[in-house]
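Worksheet: one structure, shown below.
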Amino acid sequence: MDKMLVRDLMVPLEKYATVHADHLLVEAIYALEKAQAEFESHMYRHRAVLVYDDDGIVVGKLSQWDVIRCLEPKYDDMGDLRSASLSGLSPAFIRSMMEKHNLWQEDMDAICNRVARKKVKDVMSRPNEREKIAADGTIGEALHAFVIGRHQSLLVVEGKEIVGILRLTDVFKLLCEKIKTCRS
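Under the numbering used here, the first residue of the sequence shown is numbered 2, with each subsequent residue one higher.
Structural data, given as structure tokens:
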């Protein structure tokens, strides 16, 4: 594992679910389902869709979290919740946030009808530098990025170009296989 590079374990762009930024959210859901059905059965299924622009450049990622968050637009009024999730909020405080902001009160059919018309670019996450890793980086560097950032995946870059995605599930599978060979 010490010599294994990120590029050795990443899923290349051409094997990953992608969708154009101007497509509707429902089209991204279909793209994800198609990629899951076509992906090799011994691998873990995709949990996100990479989003590209008119020039074919990856400009974002649509994750399960992004879709769930867009179902309740009042989360947008609460700021960056990613950093809040790391600050040790108590269960009582989290419940009080739901009550204070009147979250999840809308009927699910109304939510689905509203969300089905959303464009991917309005829901996706735009990657920051902490969510990227060099293709020639080591798996150790990737593990560090996963732990510190609590990411489910990292976008793999060569220079400034995104060339693939490194998924935590694939790295975890590699670690488990290695641990099983180290019986004492």
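Cβ atoms here follow ideal geometry from the backbone N, Cα and C, with glycine treated the same way. Because the structure is a prediction, the values reported are computed rather than measured.
- When DSSP assignments are scanned along the segment 53-84, the uninterrupted stretches of beta strand (DSSP E) that are 3 or more residues long and fall wholly within it turn out to be 59-64.
- In the same chain as A117, and ignoring 5 residues on each side of it, the C-beta atoms closer than 6 angstroms to its own belong to V27, in chain order.
- Between the segment 88-99 and the segment 158-176, the count of C-beta pairs closer than 8 angstroms stays below three; the two stretches do not touch.
- Looking only at L25, H102, G57 and E178, the smallest Cα-Cα distance to N114 is reached by L25.
- When C-alpha distances from V148 are compared across I163, E132, L104 and I112, the shortest belongs to E132.
- In the structure shown, R118 adopts coil according to DSSP, grouped into three states.
- Contact between the segment 120-129 and the segment 61-74 is present, with at least three C-beta pairs closer than 8 angstroms.
- By the Cβ-count criterion, R151 is exposed, with fewer than 16 other Cβ atoms from all chains shown falling within 10 Å of its own Cβ.
- As far as DSSP is concerned, G141 takes part in no beta bridge.
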